[in-house]
Amino acid sequence: MTSLGDISRRRLLGSGAAGLALAPALARAETGTRLPPPVVENIQGGADAQNRLTVDAYLNEKGPYRFVVDTGADRSVIAEDVATALGLTLGEDMIVQGIAREVTAKSVRLDHLRLDRVTINSLPMPVLPRSWLGADGYFGLDVIDRQSVTFNFQDHQMHIQPSRQVGDWVPMADQGVLRVSGSNGRLAALNCSVDGVKAAAFVDSGAQISIGNTKLFGALQRHHGAQYISQEEIQILGVTGGSIPGRLASIDRIMVGSLGFANSVLVISDLPVFDTWDLGDRPAMFIGMNFLKQTSSFTIDYGRKEIRYEIAQLRLASRA
């Protein structure tokens, strides 16, 4: 579980500015291509300082480069210095919607991208400064949409296979399955509640911490008089630069289907991503790594529109 003590107060509140550095939820760029289904592959990855899953990628057979896997990002992005080192030619502009603001960015086109034995050809990617990204790049839904992608946060692995090859899944005692809805990879779970308040939720593996909107917090106030931990605002930084204010709230229990997370911290802020995912008019949240790392594996099947999860053994032991 995550408490306020698990989050560095220097990053949250230091210097009256902020630094709760969350990964982006990027709007779909105006141009792009549909990608062929990859082969079945188990990809060994790692973790960055925020505990987000990272994988090694070879770009035009050069690398490896370390990319964050971001289920909340429509479009994959690449760091400016990586694009320069590869000698990629800057092309047309793309509109990139980040947490705090929208920017226009030049794009490049990779001839091929390789993750172990998985190869994707002719991939357009916006280019952003490394100082904004904090990584060589991010993989978004343009890479993993229509696939079944399993994230093993304990062993830092990613398993990817075409959704059509996945059969019916019967969960065991430490497992669960949740139907989700949406299109173009933007899959939201509606069977979610926060301290008894019904909410919509989507999974954002690129986010350090989970964030709810003010519609959700207003419902929590009406339901049981919820209060903020502090009246002081924090600033949430995104990869497109700029910042947007938020405040910390203490949450007793979040349920996503039969999967529960207890005694945690939720940042409350009306980020543009909620409107991007058509969730701005209702109580909603996105589930970041402070919750996801409590599972031993988490599968998003974009073709079957299912979320499948396995509870970490540490949590099972604590429930015994």
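Residues in the sequence shown are numbered from 702 upward in steps of one, following my numbering.
Virtual Cβ for every residue (Gly too), placed ideally from N, Cα, C.
All figures in this text were calculated on a predicted structure; none of them were measured in a lab.
Beta-carbon spacing of residue i, residue j below 9 Å
i     : j    : result
M795  : S911 : no
L754  : G764 : no
V809  : M826 : yes
N914  : I969 : yes
G939  : G799 : yes
D896  : R954 : yes
T977  : R887 : yes
A784  : T941 : no
H860  : I937 : no
E1007 : V878 : yes
L787  : L760 : yes
V974  : A950 : no
G835  : K916 : no
A920  : A900 : yes
V770  : S894 : no
F918  : A927 : yes
L811  : L791 : no
E793  : R831 : no
H924  : V904 : no
Nearest-angstrom Cβ-Cβ length linking residue i and residue j, presumed shorter than 8 Å
i    : j     : result
F854 : K994  : 5 Å
S998 : T851  : 6 Å
A889 : V957  : The Cβ separation is near 11 Å, so there is no contact.
L824 : L814  : 5 Å
S864 : Y1003 : 6 Å
A748 : H857  : 5 Å
S849 : T1000 : 6 Å
Per DSSP, cross-strand counterpart(s) of residue i
i    : result
K899 : S894
Q922 : Its beta-bridge partners do not exist; DSSP assigns none.
P863 : Q848
G838 : F768 and I779
H813 : N822
G747 : T755
I988 : V904
L791 : According to DSSP, L791 bridges with nothing at all.
T805 : I796
K763 : L760
Q858 : Q745 and N853
L829 : A780
Cβ of residue i within 9 Å of any chain D Cβ
i    : result
F768 : No chain D is part of this structure, which consists of one protein chain only.
Residue i beta carbon near the ligand GDP (any heavy atom closer than 8 Å)
i    : result
G883 : Among the components modelled here there is no ligand, and therefore nothing to report on the ligand GDP.
My parser needs the beta strand (DSSP E) runs of 3 or more residues fully inside the stretch 905 to 986; what are they?
The stretch 905 to 986 contains these whole beta strand (DSSP E) runs: 935 to 938, 944 to 957 and 960 to 969.
Are the stretch 934 to 954 and the stretch 1005 to 1012 in contact at 8 Å, needing three or more beta carbon pairs?
Counting Cβ pairs under 8 Å, fewer than three are found: no touch.
Taking three-plus beta-carbon pairs below 8 Å as touching, is the stretch 776 to 786 in contact with the stretch 835 to 842?
Touching, per the Cβ criterion.
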